[in-house]
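Shown next, in structure tokens, is the structure this report addresses.
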Amino acid sequence: MKILLVEDDETLAAALTRSLTAQNFVVDAVPDGEMGWSYGSTFDYDLILLDVMLPKLDGISLCKKFRAEDYTTPILLLTSEDTSTAKVQGLDAGADDYVVKPFDRAELIARIRALLRRSSTNPLPLLIWRDLMLNPGTCDVSYDGQPLTLTRKEYELLELFLRDSQHVFSTEEILDRLWSSEEFPSEATVRSHIRRVRNKLTAAGAPPDFVATLHGRGYYLKPAETVEELVCLLPDPGPSSLAPATAALAPITPEAQEQYVAFLNQNWVQITQPKTLEQVGQLEQAVEALQSDRLTPPLQTQAKQIAHKLAGTLGLFGFHKAVHLTRQLENWMGSQESLLPRQASLMFPLVTALRQEIQNSTVVHSSQVPSNQGPLLLLVGLGSSQAQAIAASAEARQLRTVTLPTATSAASWLTPEAIASLPIKPPDALLVQLPSESRPELAENRNAVLTMVQSFAQRFPNLPILVMGDRDTLSDRLDALRHGSHLFLPAVTPPEQTISAITHRLNVPDSPAKVMIVDNDVDWLRALPTLLKPWGFKVTTLDDPQQFWIVLQAVNPDVLVLNAHMSQITGYELCQILRCDPYWQRLPVVFLSDFTDLKSQNQAFAAGADDYLYKPIIGADLAARIVSRLHRLRAYIG
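Oh and the sequence shown: position 53 is 48 in this note's numbering, straight run, nothing missing.
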């Protein structure tokens, strides 16, 4: 990753350059604002570190100049003024973050990594591709659990590939991104580094073409080809997985599920269905106007908007065929070319079929209700009485348990093939009994347990692992830590305290999550509180973006859902406002959009989005992504 440092204090610039270089960043350092503009507008950088007080061109003006020329590179300001006015001035100029001098270097580097993650196509702290894992925080790299010893440039090369794993990097791009402007290596240098990286990966068990060559274009990471490899690429089911994170939810009983389905059906029949049929009638009138050559541009635009809103409402209830018909009508009415009266004969069957589909859709099926279960706790090596007591305490806290007698029997959970054959998903947490090292007859078992713990930690990096020691000794704690344990408790710890430690690590919430949803589609918003009810969310909806700041402060939500495209103020702008505020900048933001193109997605993530969804979307899918964001937030806070 390449950073431009614009700082006139030579001592500070030299110290920062050393610190950043030690973290495997490539640094170009310049002493004034004019040189900062010259370098920043000529070379590609991943981040600009900018002092406010600079000779020739101050940092605020330079920041404004970059933004005026549509440079989207993240900018972090260094300022000696710890006042709200100075901070607001910098953020209004287009900066993404600020740090007040004097600062702690570790905090500065952490903020740099956070900005880089936000702007990266891979925003996760751990960079993973197939069996290759790179931890930017510790600069550790491993393949299939085996550590790799890399030179600085080899590390930077792999990090470059992993941060944009879908991109083919030309030799020129690699030279520009990994070497400073003062260095002039040849293309042969890049080929030499690629060859050495391939050799080290192959020695660790990677295929020879793991870093593949596209002749005439450059180099890229080769995707998985087999089913087994694709399984390995799926996110690990730990508490911060991108998969629907149901670990924070209480189990839904069959009785509650039936009550919810009945409630949904009542809402559909009494409120939503009549409203959608009324909208279908408006579409019928538009098609009739087209047939008689009376369809004016305003009426056509209105019909497109009605079809668009109707698709969103029907999608929430999971009526996919009706959504498909509505989308076809929306495409017709949204045509850039003038519609001809004879085309009405093609639209009438769509409107008729849509009306019939809505009239016949009187049942919301229980498949739309989440069948989530509590988190799964794997107990390994515990005595029968201890395991029973802990399982009872776990059940009282809505956790499920599976008890395995030995470390060997737990190994079957470590391979994708074995996991696929299991009737239940991989665990959400692991609890292991560690035999004492003071008993020689248990030495072999102790080594097996530690090896198993290490294997789980490598296979599931986000999995909470709790080790219970027969004796509360420093050596036991050290061994557990070195092999990947996150928690350590003496074996005499009461079951209730043990489960409390696990639930705290899993971030099971004590109160309902507050979700705020901003969208200018009133009908869609009206249905949301009902559809999200089973997940226990406290939902606040807002259809006027102008009231956003007032409602935001009053609600203080845990997750924010934004429509990307709204009149007056867009979701992109609202998200940027949040990211420029120290209090709200970490609020999880989920974008909803009608556009599936890559440009719209990139615009959302550049604004600070955490997730991006397309309309129409059913309530279960939206809830799952909201829960996933909550898990990540609670894991960060924890």
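Using N, Cα and C, we set each Cβ at its ideal position, and we do this for glycine too.
Quiz item: To the nearest whole angstrom, what separates the beta carbons of Pro131 and Arg108, a pair I think is in contact under 8 Å?
Solution: 6 Å
Quiz item: Ile301 to Gln286, Cα distance in whole Å?
Solution: 19 Å
Quiz item: Would the segment 269 to 281 and the segment 332 to 349 be scored as touching if the rule is three or more Cβ pairs under 8 Å?
Solution: yes
Practice problem: Measure how close the beta-carbons of Phe312 and Glu352 come, nearest whole angstrom, since I'm counting them as under 8 Å. | Solution: About 12 Å separates the two Cβ atoms, so there is no contact after all.
Quiz prompt | Of the listed residues Leu170, Lys217 and Ser181, nearest to Arg193 (C-alpha basis) | solution = Lys217
Practice problem: Go ahead and pull the three-state DSSP assignment for Gln393. | Solution: coil
Quiz item: Taking the C-alpha atoms as reference points, what is the distance between Asp87 and Tyr93?
Solution: 12 Å
Quiz item: So which of Ala384, Phe590, Thr536 and Asp606 has the shortest CA-CA distance to Cys570?
Solution: Asp606
Quiz prompt | Under 7 Å between C-beta atoms of Leu196 and Leu157 | solution = no
Quiz item: Are Thr498 and Arg395 closer than 7 Å when you measure CB to CB?
Solution: no
Quiz item: If you drop the 5 nearest sequence neighbours on each side, which residues of the same chain put their C-beta closer than 6 Å to that of Glu151?
Solution: Asn19 and Leu173
Self-check item: Among Phe590, Tyr567, Val622 and Ile621, nearest to Phe600 - alpha-carbon criterion
Solution: Tyr567
Quiz item: What residues in its chain sit with their C-beta under 6 Å from that of Asp126, if we drop five residues either side in the sequence?
Solution: Tyr138 and Asp139
Quiz prompt | Among Thr6, Thr308 and Ser175, nearest to Val517 - alpha-carbon criterion | solution = Thr308
Exercise. May I ask you to report which of helix, strand or coil DSSP gives Ile494?
Key: helix
Self-check item: Nonlocal neighbours in the same chain, by C-beta distance under 8 Å from Arg289, ignoring five residues either side
Solution: none
Quiz item: Taking contact to mean at least 3 C-beta pairs separated by less than 8 Å, is the segment 482 to 495 in contact with the segment 510 to 529?
Solution: no
Quiz item: Among residues of its own chain, excluding the 5 on either side of Thr68, which ones have a beta-carbon nearer than 6 Å to its beta-carbon?
Solution: Tyr40 and Ile43
Practice problem: Identify, in the order they occur along the chain, each residue of the same chain with its Cβ nearer than 6 Å to the Cβ of Leu49, setting aside the five sequence neighbours on each side. | Solution: Asp3, Asp27 and Gly28
Quiz prompt | Ala443 vs Asp465 beta-carbon contact at 7 Å | solution = no
Exercise. May I have the straight-line CA-CA distance separating Gly213 from Leu305, to the nearest angstrom?
Key: 46 Å
Exercise. Whole angstroms is fine: what's the gap from Leu170's alpha carbon to Leu(-1)'s?
Key: 16 Å
Exercise. Starting from Tyr138, follow the beta strand (DSSP E) in both directions and report where the run begins and ends.
Key: Asp135 to Tyr138
Quiz item: Is Trp327 helix, strand or coil when you go by DSSP?
Solution: helix
Quiz item: In chain order, which continuous runs of the alpha helix (DSSP H) of length 4 or greater are located wholly inside the segment 558 to 616?
Solution: 566 to 574 and 593 to 602
Exercise. Classify Ile545 as buried or exposed, calling it buried when 16 or more other Cβ atoms lie within 10 Å of its own Cβ.
Key: exposed
Quiz item: For Leu429, which of Cys58, Ser330 and Met463 has the nearest alpha-carbon?
Solution: Met463
Quiz item: Ends of the beta strand (DSSP E) at Leu(-1)?
Solution: Lys(-3) to Val1
Self-check item: Reduced DSSP secondary structure (H/G/I, E/B, other) of Leu482
Solution: strand
Quiz item: Leaving out five residues before and five after Thr166 in sequence, what residues of the same chain have Cβ atoms less than 6 Å from its Cβ?
Solution: Glu182 and Val185
Quiz item: Of all the options Glu64, Ala81, Leu399 and Thr535, which has the alpha carbon lying nearest to the alpha carbon of Cys575?
Solution: Ala81
Quiz item: Per DSSP, Val95 forms a beta bridge with which residues?
Solution: Thr74
Exercise. Leaving aside the five residues before and after Thr208 along the sequence, list all residues of the same chain whose C-beta is less than 7 Å from its C-beta, in chain order.
Key: Tyr214
Practice problem: Reducing DSSP to helix, strand and coil, say where Val364 ends up. | Solution: Any answer about Val364 is weak, because its pLDDT of 45 lies below 50 and its placement is not dependable; what the coordinates show is given next. Val364: coil per DSSP, three-state reduction.
Quiz item: Ends of the alpha helix (DSSP H) at Lys60?
Solution: Gly54 to Ala63
Quiz item: Do Lys509 and Asp553 have their C-beta atoms closer together than 7 Å?
Solution: yes
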